[in-house]
Amino acid sequence: MPFTLAHPAAVLPLFRRPLIPAALVAGAMAPDIPYFLGALGLTATSRTWYEPLTNAGVSHSATGALTVSLLFALCLLALHLLVRAPVTDLLPARWVRPAESPRQARGLREHVGKTPWLLLSALIGTATHLAWDAVTLDGFLAGRLTLLHGRAVGAMTLGQVLEYASSAVGLAIVGRFLWRHRAEPHSRHDRVAHLTPTMRWSVLAALALACVLGAAANLQGVDAYRQTTTYDYSRPITHKLADGVTTTGYPTRTVETPWADTAEALLYDTAKGAGAALILSLLAYGTTWHTTRLPKRFTRKTAPSSHRV
Numbered sequence: 005m006p007f008t009l010a011h012p013a014a015v016l017p018l019f020r021r022p023l024i025p026a027a028l029v030a031g032a033m034a035p036d037i038p039y040f041l042g043a044l045g046l047t048a049t050s051r052t053w054y055e056p057l058t059n060a061g062v063s064h065s066a067t068g069a070l071t072v073s074l075l076f077a078l079c080l081l082a083l084h085l086l087v088r089a090p091v092t093d094l095l096p097a098r099w100v101r102p103a104e105s106p107r108q109a110r111g112l113r114e115h116v117g118k119t120p121w122l123l124l125s126a127l128i129g130t131a132t133h134l135a136w137d138a139v140t141l142d143g144f145l146a147g148r149l150t151l152l153h154g155r156a157v158g159a160m161t162l163g164q165v166l167e168y169a170s171s172a173v174g175l176a177i178v179g180r181f182l183w184r185h186r187a188e189p190h191s192r193h194d195r196v197a198h199l200t201p202t203m204r205w206s207v208l209a210a211l212a213l214a215c216v217l218g219a220a221a222n223l224q225g226v227d228a229y230r231q232t233t234t235y236d237y238s239r240p241i242t243h244k245l246a247d248g249v250t251t252t253g254y255p256t257r258t259v260e261t262p263w264a265d266t267a268e269a270l271l272y273d274t275a276k277g278a279g280a281a282l283i284l285s286l287l288a289y290g291t292t293w294h295t296t297r298l299p300k301r302f303t304r305k306t307a308p309s310s311h312r313v
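Take the position in the sequence shown, starting the count at 1, then add 4; the result is the number in our numbering.
Structure representation (structure tokens):
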């Protein structure tokens, strides 16, 4: 599957009214959320009510797009609203220009007032995610097109080449978009200069450290990446247990994992661990940022007026 952060590239051309850009981006990444929940240790069996929320197969299905992925998109949108101002406060001052008009301030009330377009935008974003995944290694179309399973570059199949290449192109497009729009006007609520330079660099260092630790914690042992177990399904072995129940197994063999698969597994686990840690860190930072602002806002609202009656 393409890298999660590359998926927003597919919705950038759709940044037109009345669609909501934040919801488009949230929907484009939502189906991959179960992978990050798994990195946090949140797993489930078919007997638990929240199993669909931790099953990437469900979130990547047509039915799941209307339920699980839509829910995750709304959660990502809520996260965006929570951390937008705190993250803006981490940017260099020269990258942030104040809004020229109060109408440019977009918050929760505006999104709620456009609920139908918000939901549609999220669903469109999810649709682009599923369509992109469909033509890569493990996608719906890839499983039915034998051409994508043929060797293309060394040990890599054409499906893997498409997966890696499209991820790289998508990340480049997203990076270029962010760089070109780095100095767009922001709401006055987004830029409050709450952090000193020392605090700003400390937060950035903490976020980076959290990503490194999260990635390291999600990695497995070396042998898990260098070796893999194959099954010989042509030679079933049937065992009869004492209670009369029979089980069927298959001969196994441990082989060296192709370097392309090893690299993919390492990148996959690293990205999941780092992404999960970053989400938790942003939640903590955003909550702390807003909490420290509450006393000041309350003081401003309750301060007695200096005008004489």
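For every residue, glycine included, the Cβ atom is placed at its ideal position computed from N, Cα and C. All figures in this text were calculated on a predicted structure; none of them were measured in a lab.
In the three-state DSSP reduction, Met33 falls in the helix class (H, G or I).
Assignment of Gly253 by DSSP, reduced to helix, strand and coil, places it in the strand class. For Val259, the beta-bridge partners assigned by DSSP are Thr232. Per the Cβ contact rule, the region 75 to 86 is in contact with the region 27 to 46 (3 or more Cβ pairs under 8 Å). Nearest neighbour of Tyr168 by Cα position, chosen from Asp265, Thr256, Arg20, Pro22, turns out to be Asp265. DSSP places Ile24 in no beta strand (DSSP E); its state is neither H nor E.
Here Met5 carries a coil assignment [DSSP, helix/strand/coil]. Between Gly218 and Gly290, the C-beta gap is not smaller than 8 Å, which leaves the two residues out of contact. Measuring C-alpha to C-alpha distances from Thr92 to each of Leu270, Ala43, Val226, Arg186 identifies Arg186 as the nearest. No Cβ-Cβ contact shorter than 8 Å links Ile24 with Leu85. Between the region 5 to 12 and the region 134 to 141, the count of Cβ pairs shorter than 8 Å is three or higher; the stretches touch. Counting C-beta atoms within 10 angstroms of its own C-beta, Ile37 has 16 or more neighbours from the protein chains shown and is therefore classed as buried. The alpha-carbon separation between Pro120 and Ile177 amounts to approximately 28 Å. The residue from Ala131, Ala14, Thr161 with its alpha-carbon nearest to that of Glu268 is Thr161. When the alpha-carbon of Ala210 is set against those of Ala288, Asp227, Gly174, the nearest one is in Ala288. Residue state for His185 is assigned as coil, using DSSP reduced to three classes.
Bounds of the alpha helix (DSSP H) holding Thr132 are 119 to 138.
Taken through DSSP and simplified to helix, strand or coil, Thr242 comes out as strand. Burial check for Thr130: the Cβ neighbour count within 10 Å reaches 16 or more, so the residue is buried.
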